[in-house]
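One structure is given below, encoded as structure tokens.
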Amino acid sequence: MELRKVRLGDVGKIVTGKTPSTKNEEFFSGNIPFITPEDIAYGFRIDDSLRHLSLDGLDSIKSNSLNGFSVLVGCIGSDMGNVAYSEKKCATNQQINSITDINEDFDPLFVYYLLSTKKKHLRQMAGSTTTPLLPKSVFESIEYYFPSILHQKKIAAVLSALDDKIALNKKMNQKLEAMAKRLYDYWFVQFDFPDENGRPYKTSGGPMTHNETLKREIPTGWEVVQFQDLCTVKRGASPRPIDDFMDESKQGMPWVKISDATSCESPFLIQIKEFIIREGISKSVQVKPATLIVSNSASPGIPKFIQIDACVHDGWLVILDYKEPYKYYLYYTIQMLRYNLLNMANGSIFKNLKTDYLKEYNCVNPPKEVLNAFHSEIKKYMDLILHIEKETIKLTALRDKLLPLLMNGQVVVE
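With our numbering, the residue at position 338 of the sequence shown is 716, and numbering never jumps.
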């Protein structure tokens, strides 16, 4: 496979983003994606963004906007070298350099995948200052080797097929979890669980009684309990100083930190980034697969099921000693509570949630037959979510293994 060296500035037009005037609130009131480093942190295709611009806002930075397939590269600080792409009319802030209007000798998807392998090199090009910066003039002068357009298309086709499936899996899981949340809401917030005739309880006239503790009506005969009456809530723990116990060889026990929760959209934690020496922490916070944990610092109120044997950081609460039918009921009760838990948390820099807030939360305790029926239904969703999540992890590992091999010619697509 023949390769030729090409400047990024010759691949297409290089555009450095720009932020419209923040004094004009109307500029940020539309639906045109305004992409920042946070949006490109996880790579691949950007279909939407956290912030948006109006047509007037986009027009105010017209010469810095993008239209059509564009490869976006983070070019400052910790976001240096993060890569994504967009096929929509959009704009970015000044921390992103983009390649747009890509020339016909280059496959846009191949350009994206090539730059995805160059994070370390891009950081080197930015220098070793406190805040590394890769200005447009340096970015467009960087040279990389490209195969023929035919080989570019073949390589991009293989990798994009994997990425498309990964993206589809994520959308499927988002829909499945949304359906599961709606089921919980339907049964335990609206109280329209199926009655003995299969009809929605409250809507069909099921008897309701005002509960003074919850300040609302609940199904007649249902009891109200504290969260701690249904399970045990205890804190994780961290050895001090923690750095002395970290295991760089990754031969120790997975160490579940808060960052593992915030970087994972799934209800399940399967992959953990850091490891700890097994003797470094008490067995009391070593948890078994399927244990439910809840973040209580930094981003309080995120529930996760750990799918591996692991140690739990003191930023987590561990939920134990509940009967099997309560498993997903407790999970979605915490999900529903998250906004309240965030408001209850204290701390100006890192939010911390007092354990008692969750322990003393008042909630309904459904009758056994209703709880069992809910568990049976919700388990179908959660089992499928877990299956898809495991498949996604395998596909991601395959893509990450193939990516450098295809780019350096070790693997050739016939």
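Backbone N, C-alpha and C define an ideal beta-carbon position, used for all residues, glycine too.
- Query: Which of helix, strand or coil does DSSP assign to Ala462?
  - Reply: Taking the first residue of the sequence shown as position 1, residue 462 is located at position 84. In this structure, Ala462 counts as strand in the three-state DSSP scheme.
- Task: Just mark Glu595 as buried or exposed, buried being the case when its beta carbon has 16 or more other beta carbons within 10 Å.
- Result: The residue given as residue 595 occupies position 217 in the sequence shown. Flag for Glu595 reads exposed.
- Message: Going by DSSP, what residue range makes up the beta strand (DSSP E) through Gly455?
- Response: As a first step, residue 455 must be located in the sequence shown, where it is residue number 77. First-last for Gly455: undefined, no H or E at that position.
- Task: Determine the DSSP secondary structure at Glu747, reduced to helix, strand or coil.
- Result: Residue mapping note: residue 747 aligns to position 369 of the sequence shown, counting from 1. In this structure, Glu747 counts as helix in the three-state DSSP scheme.
- Message: Buried or exposed for Thr581, going by 16 or more other Cβ atoms inside 10 Å?
- Response: Walking along the sequence shown from the start, residue 581 turns up at place 203. It is exposed - the Cβ of Thr581 has fewer than 16 other Cβ atoms within 10 Å.
- Query: Which residue spans inside the stretch 593-620 form an unbroken alpha helix (DSSP H) run of at least 4?
  - Reply: Every candidate alpha helix (DSSP H) stretch fails here, since none sits fully inside the stretch 593-620 while reaching 4 residues.
- Are there 16 or more other CB atoms within 10 angstroms of the CB of His765, so buried, or fewer, so exposed? The residue given as residue 765 occupies position 387 in the sequence shown. So His765 ends up on the exposed side.
- Task: Measure the CB-CB distance between Phe405 and Leu431 and report whether it falls below 9 Å.
- Result: Within the sequence shown, residue 405 is the residue found at index 27, counting from 1. Within the sequence shown, residue 431 is the residue found at index 53, counting from 1. Against a cut-off of 9 Å, the Cβ pair of Leu431 and Phe405 comes out as a contact.
- Message: When you compare the CB positions of Thr640 and Asp699, do they come within less than 9 Å of one another, or not?
- Response: The count along the sequence shown starts at 1 and reaches residue 640 at position 262. The count along the sequence shown starts at 1 and reaches residue 699 at position 321. Not a contact, by the Cβ cut-off of 9 Å.
- Message: The alpha helix (DSSP H) that contains Ser494, what's its start and end?
- Response: As a working mapping, residue 494 is identified with position 116 in the sequence shown. Taken as a continuous stretch (DSSP letters only), the alpha helix (DSSP H) holding Ser494 covers Pro486 to Ser494.
- Message: Less than 9 Å between the beta carbons of Gly614 and Asp734, yes or no?
- Response: Here residue 614 corresponds to residue number 236 of the sequence shown, with the count starting at 1. Here residue 734 corresponds to residue number 356 of the sequence shown, with the count starting at 1. Taking 9 Å as the Cβ cut-off, Gly614 and Asp734 do not qualify as a contacting pair.
- Task: Quickly, what does DSSP pair Pro681 with across the bridge? List them, please.
- Result: Looking up residue 681 in the sequence shown gives position 303. Pro681 pairs with Val672.
- Message: Would you call the stretch 391-403 in contact with the stretch 538-545, where contact means no fewer than 3 C-beta pairs closer than 8 Å?
- Response: no
- Task: Decide if the stretch 425-439 is in contact with the stretch 464-476; the criterion is three or more beta carbon pairs, one per stretch, under 8 Å apart.
- Result: As far as the Cβ criterion goes, the stretch 425-439 touches the stretch 464-476, which means the pair count is three or higher.
- Item | Close Cβ partners of Gln664 (< 6 Å) along its chain, the five nearest in sequence each way excluded | Looking up residue 664 in the sequence shown gives position 286. Around Gln664: Cys689.
- Just mark Leu428 as buried or exposed, buried being the case when its beta carbon has 16 or more other beta carbons within 10 Å. For this step, residue 428 is matched to residue 50 along the sequence shown. Leu428 comes out exposed.
- Residues of its chain near Met503, where Cβ-Cβ distance is below 7 Å and the 5 sequence neighbours each way are ignored: Position 125 of the sequence shown, counted from the first residue, corresponds to residue 503. Excluding positions up to five away in sequence, the list reads Leu512, Val516 and Ile520.
- Task: Below 8 Å on the Cβ atoms is my guess for Ser413 versus Ser464; work out the distance and round it to an integer in Å.
- Result: For the purposes of this step, residue 413 is taken as the residue at position 35 of the sequence shown. For the purposes of this step, residue 464 is taken as the residue at position 86 of the sequence shown. One detail in the question is off: residue 413 reads as Ile in this sequence, not Ser. About 7 Å; that satisfies the 8 Å criterion.
- Task: Please list the segments of the beta strand (DSSP E) lying wholly inside the stretch 497-529, counting only runs of 3 or more residues, in order along the chain.
- Result: 521-524
- What do you get for Ala668, buried or exposed, if any count of 16 or more other CB atoms within 10 angstroms of its CB means buried? As a first step, residue 668 is located in the sequence shown; it is residue number 290 there, counting from the start. Exposed, since its Cβ has fewer than 16 Cβ neighbours within 10 Å.
- Express the C-alpha separation of Leu381 and Ser526 in angstroms, rounding to a whole number. In the sequence shown, counting from the first residue as 1, residue 526 sits at position 148. In the sequence shown, counting from the first residue as 1, residue 381 sits at position 3. Going from the Cα of Ser526 to the Cα of Leu381 covers about 7 Å.
- From Tyr523, Leu500, Leu783 and Ala751, residue whose alpha carbon lies closest to that of Ile454: Working through the sequence shown from its first residue, we reach residue 454 at position 76. Residue Leu500 is the option with its Cα nearest to Ile454.
- Item | Buried or exposed by the 16-neighbour rule on C-beta atoms within 10 Å, applied to Tyr420 | Translated into positions along the sequence shown, residue 420 becomes position 42. Exposed: under 16 other Cβ atoms inside 10 Å.
- Query: Does the Cβ-Cβ distance between Lys548 and Thr770 come in under 9 Å?
  - Reply: Taking the first residue of the sequence shown as position 1, residue 548 is located at position 170. Taking the first residue of the sequence shown as position 1, residue 770 is located at position 392. Taking the C-beta atoms as reference points, Thr770 is found nearer than 9 Å to Lys548.
- Item | Beta-carbon proximity of Glu767 to Asn551, cut-off 9 Å | Sequence index remark: in the sequence shown, residue 767 carries index 389 (1-based). Sequence index remark: in the sequence shown, residue 551 carries index 173 (1-based). Cβ distance < 9 Å, so Glu767 and Asn551 count as in contact.
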